[in-house]
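**Student:** This is the structure I have questions about; it appears just below.
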Amino acid sequence: MENLSHRGIACSRFCPLCDKAIEITTHALFHCDHAKLTWALWVDCPVDLSRPIRDPVDIVLDIMVRGSTHDLEIFFATAWSIWWNRNQAVREDSGSPPSRSWEMAIRTLIDFKDACSYPSLPQCPPALKWKAPPSGFFKINVDGATSNDGTNACIGVIVRDSQGLPIVAFSETLQSSYSAEITKAFAPLHGVRLALDLKLSHAIFESDALSIIQALNRGDTDGEIGLILQDIKSYSASFS
1 MENLSHRGIA
11 CSRFCPLCDK
21 AIEITTHALF
31 HCDHAKLTWA
41 LWVDCPVDLS
51 RPIRDPVDIV
61 LDIMVRGSTH
71 DLEIFFATAW
81 SIWWNRNQAV
91 REDSGSPPSR
101 SWEMAIRTLI
111 DFKDACSYPS
121 LPQCPPALKW
131 KAPPSGFFKI
141 NVDGATSNDG
151 TNACIGVIVR
161 DSQGLPIVAF
171 SETLQSSYSA
181 EITKAFAPLH
191 GVRLALDLKL
201 SHAIFESDAL
211 SIIQALNRGD
221 TDGEIGLILQ
231 DIKSYSASFS
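For the sequence shown, full-length UniProt numbering gives the first residue as 1, with consecutive numbering after it.
The structure is reproduced here in structure tokens:
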């Protein structure tokens, strides 16, 4: 209220709850009758809050020395509840007795702790960081993409040197809306062909299609991608 009075707004400078003193922050939070009765309900408070005007920061520091983290939590929750009640009394004419303010502070603190105790959502594993190939080698990353709307699948290839610098990039729309597995198999096939066109004899191929990589390592030639895998193995024989 004192700040509003200084700004020229017509209002009493005295505390709207007790009307006994000029309302400043320390009075509203600690020395107003309502505030004192609320703090009195904190029976195991580690500091004396009834002492003459003290800066709230000093009170916090005192609690940090004499009390615990839980004491700090109670202090802030209670101070907030006292201030909230003061605003309700002034603006809504619906203030509560000290016992209700104290109960509200404790309930708010319990609700906050309960909310914080909920198990957190599982964290997504961090994306693997791309690593440049050894000196003298090139790394060829391949990928394929399909669509649910019937449009043709497409593949992409990028070649980088041992410094991680791109040498060439290539993309192509395939002739049909292939399945994801077929599209993912076509991607390394185009990558191998591009490497041969560039005459890259020392190349490392990288793809996120684990099933395709495992099939190549096993030497599989069955299924709908069997012929594609055969071509990849045949072309790959040219690399070291």
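The C-beta atom is built at its ideal place from N, Cα and C for all residues, glycine as well.
Small disclaimer: the values here were computed from a predicted structure and weren't measured.
Just the Cα atoms here: how many angstroms apart are ASN3 and PHE14?
**Tutor:** Taking the sequence shown and counting its residues from 1, the one referred to as residue 3 is at position 3. Taking the sequence shown and counting its residues from 1, the one referred to as residue 14 is at position 14. Because ASN3 sits at a pLDDT of 49, beneath the cut-off of 50, its placement in the model cannot be relied upon, and the following sentence gives the value as read from the coordinates. About 11 Å.
**Student:** Run through the region 145 to 196 for me and flag every whole beta strand (DSSP E) of 3 or more residues, listed as ranges in chain order.
**Tutor:** Taking only runs of at least 3 residues, the beta strand (DSSP E) segments lying wholly in the region 145 to 196 are 154 to 160, 166 to 173.
**Student:** How would you call VAL47, buried or exposed, if buried means at least 16 neighbouring beta carbons within 10 angstroms?
**Tutor:** Translated into the one-based positions of the sequence shown, residue 47 becomes position 47. By the 10 Å Cβ count, VAL47 comes out buried.
**Student:** Please report the distance separating the alpha-carbon of PHE239 from that of LYS199.
**Tutor:** Stepping through the sequence shown from its first residue, residue 239 is reached at position 239. Stepping through the sequence shown from its first residue, residue 199 is reached at position 199. Those two C-alpha atoms are separated by around 10 Å.
**Student:** Under a three-way DSSP split, which group does VAL142 fall into?
**Tutor:** Here residue 142 refers to the residue found at position 142 when the sequence shown is read from its first residue. If DSSP states are grouped into helix, strand and coil, VAL142 belongs with the strands.
**Student:** Could you have a look at GLU206 and say whether DSSP puts it in helix, strand or coil?
**Tutor:** Stepping through the sequence shown from its first residue, residue 206 is reached at position 206. Looking at GLU206 - three-state DSSP - the assignment turns out to be strand.
**Student:** Would DSSP call PHE14 helix, strand or coil?
**Tutor:** Taking the first residue of the sequence shown as position 1, residue 14 is located at position 14. Here PHE14 sits in strand by DSSP.
**Student:** Do ILE232 and PRO188 come within 8 Å of each other at the CB atom, strictly closer than that value?
**Tutor:** Against the sequence shown, residue 188 aligns to sequence position 188. Against the sequence shown, residue 232 aligns to sequence position 232. For PRO188 and ILE232, yes; Cβs fall inside 8 Å.
**Student:** Give me the Cβ distance between VAL142 and GLY191, rounded to the nearest whole Å; I'm assuming they're in contact under 8 Å.
**Tutor:** By one-based count along the sequence shown, residue 142 stands at place 142. By one-based count along the sequence shown, residue 191 stands at place 191. So it is a contact: roughly 4 Å between Cβ atoms.
**Student:** Please go through the same chain and pick out, in chain order, the residues whose beta-carbon is closer than 8 Å to the beta-carbon of LEU72, but skip the five residues on each side of it.
**Tutor:** Counting from 1 along the sequence shown, the entry for residue 72 is found at position 72. Answer for LEU72: VAL60, ILE63, MET64, listed in chain order.
**Student:** Determine the closest residue to GLY226 out of ALA237, ASP111, SER81, ILE212, with distance taken between C-alpha atoms.
**Tutor:** Reading the sequence shown from its first residue, position 226 is the one you call residue 226. Among ALA237, ASP111, SER81, ILE212, the Cα nearest to that of GLY226 belongs to ILE212.
**Student:** What number of angstroms, rounded off, separates the C-alpha of GLY150 from the C-alpha of PHE170?
**Tutor:** Looking up residue 150 in the sequence shown gives position 150. Looking up residue 170 in the sequence shown gives position 170. Roughly 23 Å separates the two Cα atoms.
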